[in-house]
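**Student:** Protein sequences, first through last, are from chains G and Z. For the first sequence, the working numbering gives the first residue as 40, with consecutive numbering after it. For the second sequence, the working numbering gives the first residue as 40, with consecutive numbering after it. Where is the CB? At the ideal position from N, CA and C, for every residue including glycine.
There are 2 protein chains.
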Amino acid sequence: MRLFSGLSAFPLTPTDAAGHLQADVLGRFLERIQAAGADSIGLLGSTGGYAYLSREARQHAVRVAVECVGGKIPIIVGVGALRTDEAETLARDAKAAGADGLLLAPMSYTPLTDEEVFQHFSAVAETGGLPLCIYNNPSTTKFTFSDDMIARLAKLPNVAAVKMPLPANGDFSGEMERLREMTPGGFAIGYSGDWGATDALLAGCDAWYSVVAGLLPAPAMALARAAQAGDGSEAARINDAFQPLWDLFRTFGSFRVMYVMADLLGLARIEPPRPILPLPQEARSRVGEALQSLKS
Amino acid sequence: MRLFSGLSAFPLTPTDAAGHLQADVLGRFLERIQAAGADSIGLLGSTGGYAYLSREARQHAVRVAVECVGGKIPIIVGVGALRTDEAETLARDAKAAGADGLLLAPMSYTPLTDEEVFQHFSAVAETGGLPLCIYNNPSTTKFTFSDDMIARLAKLPNVAAVKMPLPANGDFSGEMERLREMTPGGFAIGYSGDWGATDALLAGCDAWYSVVAGLLPAPAMALARAAQAGDGSEAARINDAFQPLWDLFRTFGSFRVMYVMADLLGLARIEPPRPILPLPQEARSRVGEALQSLKS
Chain G
40 MRLFSGLSAF PLTPTDAAGH LQADVLGRFL ERIQAAGADS IGLLGSTGGY
90 AYLSREARQH AVRVAVECVG GKIPIIVGVG ALRTDEAETL ARDAKAAGAD
140 GLLLAPMSYT PLTDEEVFQH FSAVAETGGL PLCIYNNPST TKFTFSDDMI
190 ARLAKLPNVA AVKMPLPANG DFSGEMERLR EMTPGGFAIG YSGDWGATDA
240 LLAGCDAWYS VVAGLLPAPA MALARAAQAG DGSEAARIND AFQPLWDLFR
290 TFGSFRVMYV MADLLGLARI EPPRPILPLP QEARSRVGEA LQSLKS
Chain Z
40 MRLFSGLSAF PLTPTDAAGH LQADVLGRFL ERIQAAGADS IGLLGSTGGY
90 AYLSREARQH AVRVAVECVG GKIPIIVGVG ALRTDEAETL ARDAKAAGAD
140 GLLLAPMSYT PLTDEEVFQH FSAVAETGGL PLCIYNNPST TKFTFSDDMI
190 ARLAKLPNVA AVKMPLPANG DFSGEMERLR EMTPGGFAIG YSGDWGATDA
240 LLAGCDAWYS VVAGLLPAPA MALARAAQAG DGSEAARIND AFQPLWDLFR
290 TFGSFRVMYV MADLLGLARI EPPRPILPLP QEARSRVGEA LQSLKS
């Protein structure tokens with residue numbers, strides 16, 4: 040199995056109010072993902088709240104992950120930071136701790152130019168020395184990758200994959216055809232946005248970067264394998280059961296909903312880093328109903 | 040003079056490549072601003088690159104500013120951070136070091152809800168214990184303040200002012216009338232976006248939060264005083280001289296242009312924090328021409 044293919048599960052990073060890692064809870068999340076047979080772990084992604092964590096907490100999370108499931112399942116580590124030197128340091132830390140791959144989003148405050156993002160990726164990919172996935176997530180980074188930018192980055196050493204947002208027009212095949220023509224053979228194209236994953240996988244994408252698989256890896260695996268096998272009706276059946284959850288992800292943001300899920304699944308009582316607030320009771324009830332719909 | 044009124048000048052924060060403050064250069068910038076008679080200093084704003092600096096560098100910058108010009112000109116300090124507890128710590132640091140006021144932008148990674156921004160501001164304003172200005176800057180924070188949100192925040196203890204982006208429709212009077220109706224008497228409404236400052240001041244706003252005044256405080260003061268006095272033709276004359284610079288601010292981003300200006304004015308050879316890149320030679324030449332146009 041190639042590193043950036045199949046189902047990549049993105050766990051929350053459980054911390055206390057001061058941002059210190061709760062190592063035992065993270066271990067619990069990771070063991071579930073590995074036991075379900077997911078193809079990789081996307082540690083410290085947006086769902087892992089990497090932007091809110093100190094270097095120390097991020098180092099700690101990678102160490103815990105490698106100790107817990109290293110060698111059994113590849114670990115991809117998010118190393119985004121506002122400063123290039125910080126992202127380089129995080130990439131070095133991740134490699135030193137035993138990560139298998141890196142994930143890099145162009146975090147920004149001052150909106151970045153294409154050339155700035157190119158230089159940033161070039162520096163971090165070289166310093167990291169591990170296969171790197173471009174994290175294309177305009178809703179959090181404010182940076183939109185053009186096809187040309189992806190093609191340019193794909194030529195850099197170590198840049199091996201891209202994690203795309205769902206195409207606005209829903210045309211996965213057209214987008215992948217364009218990108219595959221412009222990128223080297225073996226460059227992997229995957230998608231995030233759980234509610235679009237069925238269509239993306241049926242259209243032949245390499246990877247599903249999945250939020251929900253961070254806490255519900257088994258049904259996410261069932262969905263991924265059905266869609267990868269081209270079984271559209273089975274994939275649709277499972278996707279239908281997820282639908283109430285997808286609706287909540289879109290309404291409240293998957294990051295907030297996942298914290299409620301961790302509690303309702305009996306896995307952990309944790310809260311998101313402030314300023315992100317725990318969802319109110321009414322929303323929690325709806326998450327509970329969505330989880331019931333998945334069980335039935 | 041009230042704290043959040045008149046000309047507030049936003050200096051760069053000069054650092055080395057590792058993000059350590061160059062205290063002597065910052066002192067030089069601040070003394071120019073104070074000598075020109077500006078009404079306040081906006082330290083560690085977006086122009087001050089606060090988002091790219093460590094807590095230590097930010098503490099150092101406030102200490103240097105207070106030592107250098109404290110008591111002679113009010114110092115407003117940007118305390119934005121992705122985490123609420125970090126912004127609270129920065130607010131405490133700023134007060135302890137002798138700042139006169141705070142400036143808070145709702146920095147985000149996960150897009151924030153209104154309630155999250157409200158709780159964040161509420162916590163930082165209370166902890167800070169200094170008059171605080173709401174930093175409304177959607178281009179860097181991705182958060183758009185509704186009129187209702189500003190009105191709600193304006194009721195909080197210590198929240199004393201708002202720094203607005205230029206209205207898309209150019210209707211300063213209409214916007215200020217609306218906001219003044221919804222906010223307590225004495226709540227100060229100011230604008231950033233240097234190319235719109237003349238119109239904003241002529242329309243009677245309380246403050247111009249000025250990037251250019253960080254390096255060219257004297258002509259910025261002349262513009263501010265003419266517009267504040269209602270002398271539209273003199274204000275227009277000075278604004279015309281600034282026009283080539285405004286065009287470059289809009290084309291390249293004022294943050295990048297200011298680094299070139301510091302060099303061409305003979306004040307400092309400094310570079311922006313990577314990933315932000317120094318402007319290429321062609322752009323530098325255009326900045327040089329724009330500065331010439333100001334002198335003539």
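Any chance the stretch 301-314 of chain Z sits against the stretch 52-70 of chain Z, with 3 or more Cβ pairs inside 8 Å?
**Tutor:** They touch, by the three-pair rule.
**Student:** On the premise that Arg102/G lies in contact with Ala136/G, defined as a C-beta separation below 8 Å, what is that separation, rounded to the nearest angstrom?
**Tutor:** Along the first sequence, one-based indexing puts residue 136/G at 97. Along the first sequence, one-based indexing puts residue 102/G at 63. Correct: roughly 5 Å between the Cβ atoms.
**Student:** Determine whether the Cβ of Lys202/G lies closer than 8 Å to any Cβ atom of chain Z.
**Tutor:** Within the first sequence, numbered from 1, the residue matching residue 202/G stands at position 163. Output row for Lys202/G: interface = no.
**Student:** Give me the chain Z residues within the contact set of Tyr248/G, using Cβ-Cβ distance strictly less than 8 Å, ordered along the chain.
**Tutor:** Taking the first sequence and counting its residues from 1, the one referred to as residue 248/G is at position 209. In chain order: nothing, as chain Z lies at least about 16 Å away.
**Student:** What's the gap between the Cα of Gly269/Z and the Cα of Glu310/G?
**Tutor:** Working through the second sequence from its first residue, we reach residue 269/Z at position 230. Working through the first sequence from its first residue, we reach residue 310/G at position 271. Between Gly269/Z and Glu310/G, the C-alpha separation is close to 53 Å.
**Student:** Does any C-beta atom of chain G lie closer than 8 Å to the C-beta of Ile315/Z?
**Tutor:** Counting from 1 along the second sequence, the entry for residue 315/Z is found at position 276. By this cut-off, Ile315/Z is an interface position.
**Student:** Can you list, in chain order, the residues of its chain whose CB lies under 7 Å from that of Phe291/Z, leaving out five sequence neighbours each side?
**Tutor:** As a position in the second sequence, residue 291/Z is number 252, starting the count at 1. Around Phe291/Z: Leu318 and Ala322.
**Student:** So what's Gly81/Z in DSSP terms, helix, strand or just coil?
**Tutor:** Here residue 81/Z is taken as the residue at index 42 of the second sequence, counted from 1. Looking at Gly81/Z - three-state DSSP - the assignment turns out to be strand.
**Student:** Which residues bound the beta strand (DSSP E) around Met146/G?
**Tutor:** To locate residue 146/G, count along the first sequence from 1; it is residue 107. Here Met146/G belongs to no beta strand (DSSP E), and DSSP marks it neither H nor E.
**Student:** So what does DSSP say about Gly45/G, is it helix, strand or coil?
**Tutor:** For the purposes of this step, residue 45/G is taken as residue 6 along the first sequence, with counting starting at 1. Gly45/G falls in the strand class under three-state DSSP.
**Student:** Using the Cα positions of Ile80/Z and Leu46/Z, report the straight-line distance between them to the nearest angstrom.
**Tutor:** Taking the second sequence and counting its residues from 1, one reaches residue 80/Z at position 41. Taking the second sequence and counting its residues from 1, one reaches residue 46/Z at position 7. Their backbone Cα atoms lie some 9 Å apart in a straight line.
**Student:** Please state if the CB of Ser332/G and the CB of Ala280/G are separated by a distance shorter than 8 Å.
**Tutor:** Reading the first sequence from its first residue, position 241 is the one you call residue 280/G. Reading the first sequence from its first residue, position 293 is the one you call residue 332/G. In this structure, Ser332/G lies closer than 8 Å to Ala280/G by Cβ.
**Student:** Count Cβ pairs between the stretch 187-201 of chain Z and the stretch 156-175 of chain G that sit closer than 8 Å; are there 3 or more?
**Tutor:** Verdict: no, contact absent.
**Student:** Quick one: complete alpha helix (DSSP H) runs, 4+ long, within the stretch 99-143 of chain G?
**Tutor:** For the stretch 99-143 of chain G, whole alpha helix (DSSP H) runs of length 4 or above, ordered along the chain, are 123-136.
**Student:** Pick out whichever of Gly109/G, Leu330/G, Phe226/G and Pro177/G has its Cα sitting closest to the Cα of Trp147/Z.
**Tutor:** In the second sequence, counting from the first residue as 1, residue 147/Z sits at position 108. For the sequence presented, residue 147/Z should be read as Ser rather than Trp. For Ser147/Z, the nearest C-alpha among the options comes from Pro177/G.
**Student:** Alpha carbon to alpha carbon, how far is Pro312/G from Leu151/Z? Give it in angstroms, no decimals.
**Tutor:** Counting from one through the second sequence, the residue named residue 151/Z turns up at place 112. Counting from one through the first sequence, the residue named residue 312/G turns up at place 273. Answer to the nearest angstrom: the Cα atoms are 12 Å apart.
**Student:** Measure from the alpha carbon of Arg295/Z to the alpha carbon of each residue in Ser161/Z, Thr86/Z and Phe226/Z, then state which is nearest.
**Tutor:** As a position in the second sequence, residue 295/Z is number 256, starting the count at 1. For Arg295/Z, the nearest C-alpha among the options comes from Thr86/Z.
**Student:** Along the alpha helix (DSSP H) that carries Val163/G, what are the first and last residues, could you check?
**Tutor:** As a position in the first sequence, residue 163/G is number 124, starting the count at 1. Element bounds for Val163/G: Asp153 to Gly167.
**Student:** Is it a yes or a no for the stretch 137-144 of chain G touching the stretch 105-120 of chain G, going by three-plus beta-carbon pairs under 8 Å?
**Tutor:** The stretch 137-144 of chain G vs the stretch 105-120 of chain G: in contact.
**Student:** With DSSP as the reference, please indicate the residues paired to Tyr89/G in a beta bridge.
**Tutor:** If you number the first sequence from 1, residue 89/G lands on position 50. Note: Tyr89/G sits in no beta bridge, so no partner.
**Student:** From the beta carbon of Gly292/Z, is the nearest beta carbon of chain G less than 8 Å away?
**Tutor:** The sequence position of residue 292/Z within the second sequence is 253, counting from 1. Interface residue, yes.
**Student:** At 7 Å on the CB atoms, spell out the chain G contacts of Val103/Z, in chain order.
**Tutor:** Taking the second sequence and counting its residues from 1, the one referred to as residue 103/Z is at position 64. Under the 7 Å cutoff, chain G gives no residues; its nearest Cβ is about 21 Å from Val103/Z.
**Student:** How close, in whole Å, do the beta carbons of Leu82/G and Ala100/G come, if the pair is a contact with beta carbons under 8 Å?
**Tutor:** For the purposes of this step, residue 82/G is taken as residue 43 along the first sequence, with counting starting at 1. For the purposes of this step, residue 100/G is taken as residue 61 along the first sequence, with counting starting at 1. 6 Å between Cβ atoms; contact.
**Student:** Tell me the start and end of each unbroken alpha helix (DSSP H) in the stretch 177-258 of chain Z that is at least 4 residues and wholly inside, in chain order.
**Tutor:** Fully enclosed alpha helix (DSSP H) runs of 4 or longer: 177-180, 186-193, 211-221 and 236-241.
**Student:** Going by DSSP, what residues sit across from Leu287/Z in a beta bridge?
**Tutor:** Taking the second sequence and counting its residues from 1, one reaches residue 287/Z at position 248. Answer by DSSP bridge pairing: none, since Leu287/Z is not bridged.
**Student:** Measuring only the C-alpha atoms, how far is Met203/G from Arg325/G?
**Tutor:** In the first sequence, the residue the question calls residue 203/G occupies position 164. In the first sequence, the residue the question calls residue 325/G occupies position 286. Approximately 28 Å between the Cα atoms of the pair.
**Student:** Put Leu65/Z into one of helix, strand or coil per three-state DSSP.
**Tutor:** Locating residue 65/Z in the second sequence gives position 26, counting from the first residue. Leu65/Z falls in the helix class under three-state DSSP.
**Student:** Give the C-beta separation of Leu337/Z and Val118/Z to the nearest angstrom, bearing in mind that I take them to be a contact with Cβ-Cβ under 8 Å.
**Tutor:** Given that chain Z is displayed from residue 40 to residue 335, the structure contains no residue 337/Z and the question cannot be resolved.
**Student:** 8 Å is my cut-off, CB to CB: does Arg97/Z come that close to chain G?
**Tutor:** Residue 97/Z sits at position 58 when you count from the first residue of the second sequence. So no, Arg97/Z is outside the interface.
**Student:** From what residue to what residue does the beta strand (DSSP E) around Leu171/Z run?
**Tutor:** Position 132 of the second sequence, counting from 1, holds the residue named residue 171/Z. Leu171/Z -> beta strand (DSSP E) spans Leu171 to Tyr174.
**Student:** On the three-pair Cβ rule with 8 Å, is the stretch 84-98 of chain G touching the stretch 44-64 of chain G?
**Tutor:** With a cut-off of 8 Å, the stretch 44-64 of chain G and the stretch 84-98 of chain G count as touching, because enough Cβ pairs lie within range.
**Student:** So for Leu262/G, helix, strand or coil by DSSP?
**Tutor:** By 1-based counting over the first sequence, the position of residue 262/G is 223. The answer is helix: DSSP assigns Leu262/G an H, G or I state.
**Student:** If I measure Cβ to Cβ from Glu214/Z and keep anything under 6 Å in the same chain, skipping five residues before and after, which residues do I get?
**Tutor:** Position 175 of the second sequence, counted from the first residue, corresponds to residue 214/Z. Excluding positions up to five away in sequence, the list reads Pro206.
**Student:** Along chain G, in chain order, which residues have C-beta atoms closer than 8 Å to that of Gly58/Z?
**Tutor:** As a first step, residue 58/Z is located in the second sequence; it is residue number 19 there, counting from the start. The answer, in chain order, is Arg122 and Asp124.
**Student:** Please look up how many angstroms separate the CB atoms of Ala227/G and Ser44/G, rounded, as I've assumed it's under 8 Å.
**Tutor:** The residue labelled residue 227/G in the question sits at position 188 within the first sequence. The residue labelled residue 44/G in the question sits at position 5 within the first sequence. With a Cβ gap of about 6 Å, Ala227/G and Ser44/G count as contacting.
**Student:** When DSSP labels each residue in this structure, what does Leu318/G get in the three-state scheme?
**Tutor:** Numbered from its first residue, the first sequence carries residue 318/G at position 279. Leu318/G falls in the coil class under three-state DSSP.
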